[in-house]
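Below: one structure, written as structure tokens.
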Amino acid sequence: MQIKNPEVYSIIESIGHHFRTNISNRFTRGALSLLPLDNVTWGQIEELTEKSANYRYQGYHLDELYLLILAMARFVAAARKQTLQILRYGGPGDKFSSQDRVLRDMVVNNFGSNLNILADSVNKLFVKVAEIDKEAAEGQGPVLSKFPELNEIGRYLVG
Numbered sequence: 002m003q004i005k006n007p008e009v010y011s012i013i014e015s016i017g018h019h020f021r022t023n024i025s026n027r028f029t030r031g032a033l034s035l036l037p038l039d040n041v042t043w044g045q046i047e048e049l050t051e052k053s054a055n056y057r058y059q060g061y062h063l064d065e066l067y068l069l070i071l072a073m074a075r076f077v078a079a080a081r082k083q084t085l086q087i088l089r090y091g092g093p094g095d096k097f098s099s100q101d102r103v104l105r106d107m108v109v110n111n112f113g114s115n116l117n118i119l120a121d122s123v124n125k126l127f128v129k130v131a132e133i134d135k136e137a138a139e140g141q142g143p144v145l146s147k148f149p150e151l152n153e154i155g156r157y158l159v160g
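So this is what it looks like as structure tokens:
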């Protein structure tokens with residue numbers, strides 16, 4: 002089944018914008034690249050945050066969308082555990098101008114809050130997609146039941 006719900010598109014677009022602006026920016030990319038996520042997960046994160054326009058007309062397949070949501074939830078969990086510490090202490094290559102240093106400090110100080118906003122948005126997306134999935138199941142099991150890892154999504158997003 003394909004989802005072509007405007008609310009789902011809107012949530013995905015806001016996740017992408019927030020991710021690009023507040024989570025994965027020039028001050029955080031180095032620290033994020035150290036997260037223990039495989040290439041498939043990174044590809045799914047990119048698919049969700051960068052390529053939403055590709056799905057505007059064809060819609061999202063439920064099984065693919067659940068995988069994208071899981072990838073982003075794994076990212077949130079990993080970022081909560083490791084990224085803030087890496088960001089706070091920086092790396093040897095962190096040579097910024099005084100203006101960039103102020104911006105970097107703002108990014109570091111707000112990273113936890115921005116990660117919480119991302120987690121809330123991913124949860125909102127998951128709830129909406131699961132609702133659509135259950136409504137469309139019509140007596141059959143929802144697609145959601147094919148992904149046991151989705152039972153862990155609350156733990157991933159809350160920490």
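Just so we're aligned: 12 in the numbering used here is position 11 of the sequence shown, and the numbers increase by one with no gaps anywhere. C-beta atoms are modelled at their ideal positions from N, C-alpha and C, and glycine is treated no differently.
Our contact map puts residue i next to residue j with C-beta atoms below 8 Å; I'd like the distance itself, whole angstroms only.
i      : j      : result
THR84  : ALA120 : Actually they are not in contact, since the Cβ atoms of THR84 and ALA120 sit about 13 Å apart, beyond 8 Å.
SER99  : ILE16  : At roughly 33 Å, the Cβ-Cβ gap does not stay under 8 Å, so SER99 and ILE16 are not in contact.
MET73  : LEU49  : 6 Å
ILE133 : TYR61  : With 8 Å as the limit, ILE133 and TYR61 do not qualify as a contact, their Cβ atoms being about 10 Å apart.
VAL128 : LEU63  : About 14 Å; that fails the 8 Å criterion.
PHE20  : ARG105 : With a Cβ gap of about 18 Å, PHE20 and ARG105 do not count as contacting.
ALA137 : MET2   : 6 Å
VAL159 : ASN26  : Going by Cβ atoms, the distance from VAL159 to ASN26 rounds to 24 Å, so no, they are not a contact pair.
Give me the DSSP bridge partner(s) of residue i.
i    : result
ILE4 : TYR61
Would you give the residue range spanned by the alpha helix (DSSP H) that residue i belongs to?
i      : result
PHE112 : 99 to 137
LEU158 : 154 to 159
Would you check if the segment 116 to 136 and the segment 36 to 43 touch, i.e. whether three or more CB-CB distances between them fall below 8 Å? no
Inspect the CB distances between the segment 3 to 12 and the segment 68 to 84 and report whether three or more fall short of 8 Å. No, the segment 3 to 12 does not touch the segment 68 to 84.
Pairing CB atoms from the segment 152 to 160 with CB atoms from the segment 76 to 83, are three or more of them under 8 Å? Yes, since at least three Cβ pairs between the segment 152 to 160 and the segment 76 to 83 fall closer than 8 Å, the two stretches touch.
Which complete alpha helix (DSSP H) runs does the segment 10 to 91 hold, if anything under 4 residues is left out? Segments of the alpha helix (DSSP H) lying fully in the segment 10 to 91: 30 to 33, 40 to 51, 63 to 90.
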